[in-house]
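Asks:
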Amino acid sequence: MYASRVITGHNNSSSWSLSRTAEARSPGFSYTIHYTLSSSRRNWIDYAQKNDAKDRKTMLSTLSTTRLRKALTMWFDINRFHLLVLFTWQFSIFFASQQIFPIFSNYVPQWQCEDEPPSKNCAVYEKCQGNVTFVNPAFQSAAMEYKWICGNSAYFASLFSQIQFAGVLCGTFSFGALSDILGRKPIAVFALSLGIFMNFVTGLAPSYQVLMAIRFFVGLSVGGTLVVVCTFVMEMLLPQQRMALRAFFNWGVARLLMTLICMAFPEWRMSSIACAVAALPALIIIIFAFPESPTWLHNKGRLEEMRASERHIAKVAGIPYVPVEHKKNRAFKDNL
12 MYASRVITGH
22 NNSSSWSLSR
32 TAEARSPGFS
42 YTIHYTLSSS
52 RRNWIDYAQK
62 NDAKDRKTML
72 STLSTTRLRK
82 ALTMWFDINR
92 FHLLVLFTWQ
102 FSIFFASQQI
112 FPIFSNYVPQ
122 WQCEDEPPSK
132 NCAVYEKCQG
142 NVTFVNPAFQ
152 SAAMEYKWIC
162 GNSAYFASLF
172 SQIQFAGVLC
182 GTFSFGALSD
192 ILGRKPIAVF
202 ALSLGIFMNF
212 VTGLAPSYQV
222 LMAIRFFVGL
232 SVGGTLVVVC
242 TFVMEMLLPQ
252 QRMALRAFFN
262 WGVARLLMTL
272 ICMAFPEWRM
282 SSIACAVAAL
292 PALIIIIFAF
302 PESPTWLHNK
312 GRLEEMRASE
322 RHIAKVAGIP
332 YVPVEHKKNR
342 AFKDNL
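Heads up, my numbering is the position in the sequence shown plus 11, with the first residue counted as 1.
What follows is the structure in structure tokens.
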């Protein structure tokens, strides 16, 4: 391939010309500059070269963006709204990964008493509780603070997890039913708001009794998030996009993020507060970017609101709104 470009110009005092030839070679290009120009006009060369480099950078940037957009469209038919939905799901299941927070809150390292070797021997712990030293603790846990280590108090570490999972069970039933009655968006906002607030308050718990009560409500909101936000997200994604959701926005990423936060804040109170702050984007996107689920509105027979919701989605996605005629859903009893 061979390309050439000639830039010419003149003013009252002199004329000038810049001839550039470029010959393509693998792996890159080699450039040869030919010019006949007085020294007083060299600034024109610099100006031309700078603008030409800027044009090339702009062209490459635009090309890269266009290729990325085409790739996303080709693979999963994804637009801007769908990306918001996918990231909302990732932040939501990051919050839901509070189910595994007891791994960190119940962590207990080895201990030692005076000159004895490190171990997890409860006899040693009971013998000299006042002089016990934890050996190289990677995380300052609630179990270490409240001494849920040996004897009868060790049961509280298990109770911490049991109370939280009881909340998850209650949340799946209660929030799921409420979202069918009141709508996906308001219940999703309530569940996430409650969970983020309670997760933040976890870091301020004055006693283990208050901590147990708070974790029940954290579990309650986790159950609601799993049921309601999952349904909300699925109703706004196309079937072919669900592979992207499972492949790239999943529990593995959520657990990795939680682990990184606990590494960055190796103390259970600060890590709880950090996890609450990290889950905020999901709540913000749902409040300000998402309409009510068109599928839920259609099932309720609220067709005008459904079309308004679809128009909002098209606006956020940056695509023209094309009305689609939807079939009326049959009641479950009509299928029996």
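All residues carry an ideal CB built from backbone N, CA and C; glycine is no exception.
From the DSSP secondary-structure annotation, give me the bridge partner or partners of tryptophan 122.
Replies: Sequence index remark: in the sequence shown, residue 122 carries index 111 (1-based). DSSP lists Ser130, Phe145 as partners of tryptophan 122.
Asks: Closest by CA to methionine 247, which one among Ala153, Asn163, Ala325?
Replies: For the purposes of this step, residue 247 is taken as residue 236 along the sequence shown, with counting starting at 1. Of the candidates Ala153, Asn163, Ala325, the one whose C-alpha sits nearest the C-alpha of methionine 247 is Ala325.
Asks: Kindly indicate which three-state DSSP category glutamate 316 falls into: helix, strand or coil?
Replies: The residue given as residue 316 occupies position 305 in the sequence shown. Note: glutamate 316 maps to helix in three-state DSSP.
Asks: For threonine 144 and arginine 280, what's the separation of their Cα atoms in angstroms?
Replies: Indexing the sequence shown from 1 puts residue 144 at position 133. Indexing the sequence shown from 1 puts residue 280 at position 269. For threonine 144 and arginine 280, the distance between alpha carbons rounds to 21 Å.
Asks: Compute the Euclidean distance between the alpha carbons of alanine 168 and tryptophan 159, then round it to the nearest angstrom.
Replies: Along the sequence shown, one-based indexing puts residue 168 at 157. Along the sequence shown, one-based indexing puts residue 159 at 148. Their Cα atoms are separated by approximately 6 Å.
Asks: Within the same chain, show all residues whose beta-carbon is closer than 6 Å to that of threonine 213, passing over the 5 residues directly before and after it, in chain order.
Replies: The residue labelled residue 213 in the question sits at position 202 within the sequence shown. So the qualifying residues of the chain are Ile225, Ser283.
Asks: Bridge partners for glutamine 151 per DSSP, in chain order?
Replies: Reading the sequence shown from its first residue, position 140 is the one you call residue 151. In the DSSP output, where bridge partners are listed per residue, glutamine 151 has Glu278.
Asks: Taking the C-alpha atoms as reference points, what is the distance between glutamine 173 and glycine 234?
Replies: In the sequence shown, the residue the question calls residue 173 occupies position 162. In the sequence shown, the residue the question calls residue 234 occupies position 223. Their backbone Cα atoms lie some 14 Å apart in a straight line.
Asks: Assign tyrosine 219 to one of three DSSP states: helix, strand, or coil.
Replies: In the sequence shown, residue 219 corresponds to position 208, counting from 1. Three-state DSSP puts tyrosine 219 in a helix.
Asks: Give the single residue among Phe211, Gln109, Pro334 whose Cα lies nearest to the Cα of valine 179.
Replies: Indexing the sequence shown from 1 puts residue 179 at position 168. Considering only alpha carbons, the answer is Gln109.
Asks: I'd like to check one pair, isoleucine 198 with valine 244: are the Cβ atoms closer than 7 Å?
Replies: Position 233 of the sequence shown, counted from the start, is the residue given in the question as residue 244. Position 187 of the sequence shown, counted from the start, is the residue given in the question as residue 198. Cβ atoms of valine 244 and isoleucine 198: not closer than 7 Å.
Asks: By alpha-carbon positions, which one of Ile104, Asp88, Arg91 ends up nearest to alanine 293?
Replies: As a working mapping, residue 293 is identified with position 282 in the sequence shown. Ranking the options by Cα distance to alanine 293, first place goes to Ile104.
Asks: Quick one, are the C-beta atoms of threonine 305 and glutamate 321 less than 7 Å apart?
Replies: Here residue 305 refers to the residue found at position 294 when the sequence shown is read from its first residue. Here residue 321 refers to the residue found at position 310 when the sequence shown is read from its first residue. The amino acid occupying residue 305 in the given sequence is proline; threonine does not appear at that position. Yes, the Cβ-Cβ distance between proline 305 and glutamate 321 is below 7 Å.
Asks: For leucine 222, which residues in the same chain have their Cβ closer than 6 Å to its Cβ, ignoring the five residues on either side in sequence?
Replies: Within the sequence shown, the letter at position 211 stands for residue 222. Counting only Cβ-Cβ distances below 6 Å, and skipping sequence neighbours, we find Ala216.
Asks: Does DSSP put glycine 329 in a helix, in a strand, or in coil?
Replies: The residue given as residue 329 occupies position 318 in the sequence shown. In the structure shown, glycine 329 sits in coil (DSSP, three-state: anything other than H, G, I, E or B).
Asks: Can you tell me where the alpha helix (DSSP H) holding glycine 206 begins and where it ends?
Replies: On the sequence shown, residue 206 is found 195 positions in, with the first residue counted as 1. Where glycine 206 is concerned, the enclosing alpha helix (DSSP H) stretches over 195-213.
Asks: Among Gln123, Ala107, Ala328, which has the Cα closest to the Cα of arginine 91?
Replies: Taking the first residue of the sequence shown as 1, we reach residue 91 at position 80. The residue with the shortest Cα to Cα distance from arginine 91 is Ala328.
Asks: Alpha carbon to alpha carbon, what distance is there between cysteine 133 and asparagine 261?
Replies: Numbered from 1 along the sequence shown, position 250 holds the residue referred to as residue 261. Numbered from 1 along the sequence shown, position 122 holds the residue referred to as residue 133. Computed Cα separation, rounded: 39 Å.
Asks: At the level of alpha carbons, what is the spacing between valine 335 and alanine 107?
Replies: Residue numbering aside, residue 335 sits at position 324 when the sequence shown is read from its first letter. Residue numbering aside, residue 107 sits at position 96 when the sequence shown is read from its first letter. Approximately 35 Å, taken between the alpha carbons.
Asks: Would you kindly report the start and end of the unbroken alpha helix (DSSP H) that includes asparagine 310?
Replies: Stepping through the sequence shown from its first residue, residue 310 is reached at position 299. Per DSSP, asparagine 310 belongs to the alpha helix (DSSP H) from 305-310.
Asks: Quick one: using the 10 Å Cβ neighbour count with 16 as the cut-off for buried, is tyrosine 166 buried or exposed?
Replies: Numbered from 1 along the sequence shown, position 155 holds the residue referred to as residue 166. When all chains shown are included, tyrosine 166 counts as exposed.
Asks: Between the C-alpha atoms of valine 119 and phenylalanine 112, what's the straight-line distance to the nearest angstrom?
Replies: Against the sequence shown, residue 119 aligns to sequence position 108. Against the sequence shown, residue 112 aligns to sequence position 101. Cα to Cα, valine 119 sits roughly 14 Å from phenylalanine 112.
Asks: Tell me whether leucine 247 sits in a helix, a strand or coil according to DSSP, three-state version.
Replies: Here residue 247 refers to the residue found at position 236 when the sequence shown is read from its first residue. Residue identity check: residue 247 is methionine in the sequence provided, not leucine. The answer is coil: DSSP assigns methionine 247 none of H, G, I, E or B.
Asks: Going by DSSP in three states, phenylalanine 112 sits in which element: helix, strand or coil?
Replies: Working through the sequence shown from its first residue, we reach residue 112 at position 101. Coil at phenylalanine 112, not helix or strand.
Asks: Nearest to serine 218 by alpha carbon, out of Ala177, Phe171, Leu203?
Replies: Position 207 of the sequence shown, counting from 1, holds the residue named residue 218. Ranking the options by Cα distance to serine 218, first place goes to Phe171.
Asks: May I ask which residues mark the beginning and end of the alpha helix (DSSP H) holding serine 164?
Replies: Position 153 of the sequence shown, counted from the first residue, corresponds to residue 164. Careful: serine 164 lies outside any alpha helix (DSSP H) and carries neither H nor E.
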